[in-house]
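Visitor:
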Amino acid sequence: MEEKRFHFYRWFQRASVILALGNVIIPLLFWNRIPSQIPMHFNFYGIIDDWSDKASLFFLFLVLLILTGGMSIAAYSLRISAASPNSSEAEKKSAHDLYPMLTILHFVLQLMFSYIIFCSITCRNLGVWFLPVILFVSLFGPILYLILRSGIFSKKREDSSQNDRDSSQKYQEIEEEATGESYRSKIDWWLGLLLLFAFLMPLFLLIKELLKTGECSLSLLFTQILLTALFIPLFRTRYILYPEHMTIVCIGKVRIPYRNITGIKATHNPLSSAALSLDRLQIDYQNHRGSHEMLLISPVHKQEFLHIIREKIREKTDLNPPAGVRQ
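Structure (structure tokens):
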């Protein structure tokens, strides 16, 4: 059943690659028919407000190809992880949850680029609906999908029973009384620059437009507020080792009792997680329903972190830790 499901969503991935190639090849084939001046920027209402030489299309092609390559690598990694006999149950579950979202999102983004390129080479406005739809689909769509897949709104969610609430309260009391050993997330230099660029670019455009027109773009302002709300907790990501459990602090908190951890291993898995480096550790554990879950972290002083958490797991599992935890 899962194989058929993967096969179905692979068609979205193939269609995305075909669209990407078409978005680059077709304009090049008709290059002489493209006007010398094309739209370079559209305002919040999707109306053209700046023009540039048609050579600026090459920058758009570059962004499109980088997006296609990155999304294709991520989709391939998920598919291989789901099929590999060496993958843990948590890895397979994560791959089955994320692969459909990734392939559909990639397809939608390729449609978005197709429409932008079409409007650019034909000198048309995008339309007032374009920005709200794209923001919802590309930003809020994946978040909503993951929330629904995680069962947050299910009656069986973790905090639905009194026992789970008591357990959560217990760990919160431990955190109030004990001082845990805190490790911040390691940050890859290239990822730090990429995030910094993503954060500063809307701010730069916002200031530029304000100085040029005297008006503040609501779309850029909204984007900047959203990025600020996401990046502040992201750069404060840390992992705290308490006597009974580990707490991952990022956008929210995740608490994992040591007794529930079934495996720890080094990995370079690029899946989105509470980690700002690809030099990661994969934590496999069981949730309160016995389902396998996986979390990726990237603590500084990784070897020291590994030594301490393994000792704590040994203490909570009667000196007989799971095979995946042993050195």
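So that you can map any letter, position 64 of the sequence shown is 78 in our numbering, and since no number is skipped, the others follow by simple counting.
By construction, the Cβ of each residue, glycine as well, lies at the ideal position given by its N, Cα and C atoms.
Pull the bridge partners of aspartate 298 from the DSSP assignment, please.
Guide: Looking at the DSSP assignment, aspartate 298 forms a beta bridge with Gly277 and Met308.
Visitor: If you reduce the DSSP assignment to three classes, tell me which class threonine 261 lands in.
Guide: strand
Visitor: Under a three-way DSSP split, which group does leucine 240 fall into?
Guide: helix
Visitor: Nearest-angstrom Cα distance between glutamine 176 and asparagine 301?
Guide: A caution first: glutamine 176 carries a pLDDT of 48, below 50, which makes its placement in the model too unreliable to give a value.
Visitor: Inspect the beta-carbon positions of tyrosine 113 and phenylalanine 22 and report whether they are closer than 8 Å.
Guide: Result no, Cβ atoms of tyrosine 113 and phenylalanine 22 do not sit closer than 8 Å.
Visitor: Can you tell me the Cα-Cα spacing of glycine 60 and leucine 145, whole angstroms?
Guide: 7 Å
Visitor: CA-CA distance, aspartate 63 and aspartate 111?
Guide: 41 Å
Visitor: Exposed or buried, which one is isoleucine 239 when buried takes at least 16 other CB atoms within 10 Å?
Guide: With fewer than 16 Cβ atoms within 10 Å of its Cβ, isoleucine 239 is classed as exposed.
Visitor: Is the CB of arginine 328 under 8 Å away from at least one CB in chain D?
Guide: Protein chains in the displayed structure number just one, and chain D is not present.
Visitor: Are the beta-carbon atoms of serine 289 and serine 196 separated by less than 8 Å?
Guide: Here the sequence assigns alanine to residue 289, which means serine is not the residue at that position. No, the Cβ-Cβ distance between alanine 289 and serine 196 is not below 8 Å.
Visitor: Helix, strand or coil: how does DSSP classify alanine 212 here?
Guide: helix
Visitor: Distance, Cα to Cα, arginine 47 vs valine 38?
Guide: Whole-angstrom Cα-Cα distance: 15 Å.
Visitor: Which residues in the same chain as valine 263 place their Cβ atom closer than 6 Å to its Cβ, once the five residues preceding and following it in sequence are excluded?
Guide: The answer, listed in chain order, is Arg252.
Visitor: Taking leucine 33 as the reference, which of Ser108, Tyr129, Ser70 and Leu43 has the closest Cα?
Guide: Answer by Cα proximity: Tyr129.
Visitor: What would DSSP say about serine 175, mapped onto helix, strand or coil?
Guide: With a pLDDT of 46 at serine 175, under the threshold of 50, the predicted position of this residue should be treated as unreliable, and no value is reported.
Visitor: Suppose you measure from the CA of glutamine 183 to the CA of leucine 320; what does that come to, to the nearest Å?
Guide: Going from the Cα of glutamine 183 to the Cα of leucine 320 covers about 27 Å.
Visitor: Skipping 5 residues on each side, what residues in its chain have a beta carbon closer than 6 Å to that of tyrosine 272?
Guide: Lys326, Ile327 and Lys330
Visitor: Can you name the start and end residues of the alpha helix (DSSP H) that tyrosine 90 belongs to?
Guide: 71-97
Visitor: For arginine 28, is the classification buried or exposed, using 16 other Cβ atoms within 10 angstroms of its Cβ as the cut-off for buried?
Guide: exposed
Visitor: Over the uninterrupted alpha helix (DSSP H) stretch that includes isoleucine 323, give me the two end residues.
Guide: Element bounds for isoleucine 323: 316-330.
Visitor: Taking Cβ positions, are leucine 116 and leucine 92 nearer each other than 8 Å?
Guide: yes
Visitor: Quick one: Cα of leucine 219 to Cα of lysine 279, how far?
Guide: 42 Å
Visitor: For threonine 281, which option in Ser291, Gln296 and Glu307 has the closest C-alpha, if you only look at C-alpha atoms?
Guide: Gln296
Visitor: For leucine 35, which of Leu125, Pro313 and Met260 has the nearest alpha-carbon?
Guide: Leu125
Visitor: In the structure shown, what three-state DSSP assignment does leucine 217 receive?
Guide: helix
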